[in-house]
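Novice: Can you read through this structure? Questions will come right after.
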Amino acid sequence: MADREDIKNELNERLEAFRFFELKNKKQESGDRFLLPWIYTHMFGAGRQSRDSSKRAAKEINLFFNQKELREIEQDAGDLWLELIDSHLQDSALRYLKISKSDPSFGRKFLGLLAMSDEEKDNKIFRDVYSGMITLLLDLPDFPYQALMVRALDESFLTVYPERQGEVDQWLQTLPDPAMREIFRR
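Here our numbering is used: the first residue of the sequence shown is 1139, the next is one more, and so on.
Here it is as structure tokens:
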């Protein structure tokens, strides 16, 4: 059992080495490559959704997960892979939502001239996550990380906004397919 933990720790270190990188001119901060899948789902999911945008999103997200370093870690991890990648997706989704909430330029209106109120911004994040990002992921049935990413977004949103549990539950009831609701594990 100790060997398995040692292997898991070594794989996690490799995953973290891939995930985090030094930012030029900002020695105290590190960049996070795992924010990219969330940026892609936000970019392609928050706007008008079409079959073409879903295909483009799938292509970009798959390119991220098919990077050579990640594929090598996945192969070496074997049956530990889903557990490892899940923890990093959870962490990065939470980080993405916290950044969105705290960013003063997120959710500007009237051509970026006016800032939204905190309530308007929180409502926009709710719509972007559930009607945009998660809806986009649910439209990618062959995507291998669909369930992990949907759960990561859902759980992270409820960590940042626990008071919105009722609204999230109502949204879940609007999903046409009960199998989609099963992804959320509630």
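Each residue gets a CB set at the ideal place from its N, CA and C atoms; glycine is no exception.
Name the DSSP beta bridge partners of G1111, please?
Specialist: Here the chain covers residues 1139 to 1324 and nothing more, so residue 1111 does not appear.
Novice: For A1253, which beta-bridge partners are listed by DSSP?
Specialist: As a working note, residue 1253 is residue 115 in the sequence shown. A1253 pairs with R1246.
Novice: By alpha-carbon positions, which one of G1169, K1164, K1197 and V1306 ends up nearest to E1179?
Specialist: Numbered from its first residue, the sequence shown carries residue 1179 at position 41. Reading off the sequence, residue 1179 comes out as Thr, not Glu. Ranking G1169, K1164, K1197 and V1306 by Cα distance to T1179 puts K1197 first.
Novice: Could you tell me the alpha carbon to alpha carbon distance between F1158 and G1304, rounded to whole angstroms?
Specialist: Within the sequence shown, residue 1158 is the residue found at index 20, counting from 1. Within the sequence shown, residue 1304 is the residue found at index 166, counting from 1. Taking the straight line joining both Cα atoms gives about 35 Å.
Novice: How big is the Cα-Cα spacing for D1308 and F1264?
Specialist: Here residue 1308 refers to the residue found at position 170 of the sequence shown. Here residue 1264 refers to the residue found at position 126 of the sequence shown. The identity of residue 1308 in the sequence shown is Gln, whereas the question assumes Asp. Whole-angstrom Cα-Cα distance: 12 Å.
Novice: Could you tell me how far apart the beta carbons of L1149 and D1214 are, in whole angstroms, since I believe they sit closer than 8 Å?
Specialist: Here the question's residue 1149 lines up with position 11 in the sequence shown. Here the question's residue 1214 lines up with position 76 in the sequence shown. Correct: roughly 6 Å between the Cβ atoms.
Novice: Take the Cβ of P1175 as the centre, count every other Cβ of all protein chains shown within 10 Å, and call the residue buried at 16 or more, exposed below.
Specialist: As a working mapping, residue 1175 is identified with position 37 in the sequence shown. P1175 comes out buried.
Novice: Tell me the DSSP bridge mates of K1164?
Specialist: Along the sequence shown, read from residue 1 onward, the residue named residue 1164 stands at position 26. In DSSP, K1164 forms a bridge with L1161.
Novice: Starting from I1272, trace the alpha helix (DSSP H) both ways and give me its first and last residue.
Specialist: Indexing the sequence shown from 1 puts residue 1272 at position 134. Element bounds for I1272: n/a, residue is neither H nor E.
Novice: Apart from the five residues just before and just after M1327, which ones in its own chain have a Cβ nearer than 8 Å to its Cβ?
Specialist: This structure cannot settle anything about residue 1327, because the visible part of the chain is limited to 1139 through 1324.
Novice: Around the C-beta of T1273, are 16 or more other C-beta atoms found within 10 angstroms, so that it is buried, or is it exposed?
Specialist: Sequence index remark: in the sequence shown, residue 1273 carries index 135 (1-based). It counts as buried.
Novice: Of all the options L1220, Y1268 and K1206, which has the alpha carbon lying nearest to the alpha carbon of L1235?
Specialist: In the sequence shown, residue 1235 corresponds to position 97, counting from 1. Closest option to L1235, Cα to Cα, is Y1268.
Novice: Should A1195 be labelled buried (16 or more other beta-carbon atoms within 10 Å of its own) or exposed?
Specialist: By 1-based counting over the sequence shown, the position of residue 1195 is 57. Buried, by the Cβ-count rule.
Novice: Nearest to K1239 by alpha carbon, out of Y1299, A1317 and F1172?
Specialist: Here residue 1239 refers to the residue found at position 101 of the sequence shown. The shortest C-alpha separation from K1239 is found at Y1299.
Novice: Look at the Cβ atom of S1191, then the Cβ atom of A1231, and state whether they are nearer than 8 Å.
Specialist: As a position in the sequence shown, residue 1191 is number 53, starting the count at 1. As a position in the sequence shown, residue 1231 is number 93, starting the count at 1. In this structure, A1231 does not lie closer than 8 Å to S1191 by Cβ.
Novice: Since L1222 and L1286 should fall inside the 8 Å C-beta cutoff, what is the C-beta to C-beta distance between them, to a whole number of angstroms?
Specialist: On the sequence shown, residue 1222 is found 84 positions in, with the first residue counted as 1. On the sequence shown, residue 1286 is found 148 positions in, with the first residue counted as 1. Not a contact, Cβ separation roughly 11 Å.
Novice: Considering only their Cβ atoms, is the gap separating M1318 from L1252 smaller than 8 Å?
Specialist: For the purposes of this step, residue 1252 is taken as the residue at position 114 of the sequence shown. For the purposes of this step, residue 1318 is taken as the residue at position 180 of the sequence shown. Against a cut-off of 8 Å, the Cβ pair of M1318 and L1252 comes out as no contact.
Novice: For D1266, is the classification buried or exposed, using 16 other Cβ atoms within 10 angstroms of its Cβ as the cut-off for buried?
Specialist: On the sequence shown, position 128 is the one that residue 1266 refers to. Answer is buried; the Cβ neighbour count reaches 16.
Novice: Quick one, which of Q1187, D1260, W1219 and K1146 has its alpha-carbon nearest Y1283's?
Specialist: Mapped onto the sequence shown, residue 1283 falls at position 145. Y1283 has its Cα closest to that of W1219, out of Q1187, D1260, W1219 and K1146.
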